[in-house]
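Trainee:
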Amino acid sequence: CLICQDLEVHSSRQAETLLYLWQKDPDFKAKFAASRWVCLPDAARLAKMASKLPVRERKEFLACLRRGMAENLARLEEELDWFTRKFDYHNLDAPWGESKDALERTANKLGGWCLGNEPLDGNTF
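Under this note's numbering, think of the first position of the sequence shown as 18, with each following residue one higher.
This is the structure we're talking about:
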């Protein structure tokens, strides 16, 4: 599909740019580490493309990526757990917290954006 091919090219370029910034801009490393991370398909793309980095930077990047994704997925798991428990009548009056849209955010994290507002529309981050 022409559209899928075009999206693939742009996604690869964005991943290359992210790795370039990781290498060249110390401030970017801190911003990346403090971010909401990326979806699993893009995390896999970044991990594969990290082979282009020098060994020391590759190890540092992959450790940061693994740590951040693990923390992010653990948070989503907790929010999904509360999302499901919220439907028990015992929790009727308990606050939703961050879990109200956990199902949508988890689907987007696992498969790339597919539900809800488009990424970067001002309401996502």
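Here a beta-carbon is modelled for each residue, glycine too, at the ideal position from N, C-alpha and C.
So, helix, strand or coil for R53, using DSSP?
Mentor: coil
Trainee: DSSP state of E88, grouped into three classes?
Mentor: helix
Trainee: By the three-class DSSP mapping on this structure, what secondary structure does P71 have?
Mentor: Here P71 sits in coil by DSSP.
Trainee: Are the region 91–102 and the region 112–128 in contact at 8 Å, needing three or more beta carbon pairs?
Mentor: With contact defined as three or more Cβ pairs closer than 8 Å, the region 91–102 and the region 112–128 are in contact.
Trainee: Going by CA-CA distance only, name the one from L109, N89 and D105 that's closest to F49.
Mentor: N89
Trainee: According to DSSP, is S28 helix, strand or coil?
Mentor: Here S28 sits in helix by DSSP.
Trainee: Mark V55 as exposed unless 16 or more other C-beta atoms lie within 10 angstroms of its C-beta, in which case mark it buried.
Mentor: buried
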